[in-house]
Amino acid sequence: MPLTGHCLCNAVKYTIDMDAPLLTGYDHCDDCQRQSGSTYSLVCVVLKDKLSITGPVKKYKGLGSSGNAVYRWFCEECGSPIAHDPDAAPEIIAIKGGSLDTEIKKTLNPEHEIWTVGKLPFCKENLAHPHEHMP
Numbered sequence: 001m002p003l004t005g006h007c008l009c010n011a012v013k014y015t016i017d018m019d020a021p022l023l024t025g026y027d028h029c030d031d032c033q034r035q036s037g038s039t040y041s042l043v044c045v046v047l048k049d050k051l052s053i054t055g056p057v058k059k060y061k062g063l064g065s066s067g068n069a070v071y072r073w074f075c076e077e078c079g080s081p082i083a084h085d086p087d088a089a090p091e092i093i094a095i096k097g098g099s100l101d102t103e104i105k106k107t108l109n110p111e112h113e114i115w116t117v118g119k120l121p122f123c124k125e126n127l128a129h130p131h132e133h134m135p
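Each residue of the sequence shown is one higher than the one before, starting from 1 at the first, in the UniProt record's numbering.
What follows is the structure, encoded as structure tokens:
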């Protein structure tokens with residue numbers, strides 16, 4: 001069963017031809033904190049060539065710690081974050097877990113924490129697989 005999701009206003013919709021993400025976890029990097037407006041971003045790493053997306057997606061280009069570009073995708077209508085797409089790992093894309101359809105979100109099992117070097121000190125929960133940076 002494919003993974004599906006959309007933005008807040010339903011203008012952007014996507015389908016991922018995979019049964020489950022390759023990795024699900026909390027991303028503690030400063031950019032994800034700022035984009036989500038929270039302490040971390042729930043991300044689901046999937047194969048980019050399995051993603052089909054429609055709607056008014058805008059991309060913001062930033063720089064990752066690798067020095068390569070990271071494109072943050074969001075709906076240009078409502079501003080909902082959809083994904084971040086790192087040039088350093090061109091085969092994958094990190095879908096924002098909150099944008100998945102509700103019944104799919106309920107099945108997620110975050111086991112990884114990435115960019116724990118940016119984890120805020122009051123975040124006490126620790127997941128099974130912490131990574132200082134992206135694994």
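For glycine and all other residues, C-beta sits at the position ideal for the given N, C-alpha and C.
Small disclaimer: the values here were computed from a predicted structure and weren't measured.
Item: Are there 16 or more other CB atoms within 10 angstroms of the CB of D17, so buried, or fewer, so exposed?; Value: exposed
Item: Closest to G64 by C-alpha separation, out of C32, K106, G55 and V43, would be which residue?; Value: C32
Item: If you reduce the DSSP assignment to three classes, tell me which class E113 lands in.; Value: strand
Item: Quick one: using the 10 Å Cβ neighbour count with 16 as the cut-off for buried, is Y60 buried or exposed?; Value: exposed
Item: Roughly how many angstroms lie between the CA atoms of H133 and L108, to the nearest whole one?; Value: 21 Å
Item: Report all residues from its chain with a CB closer than 8 Å to the CB of I104; omit the five preceding and five following residues, and keep chain order.; Value: L3, T4 and G5
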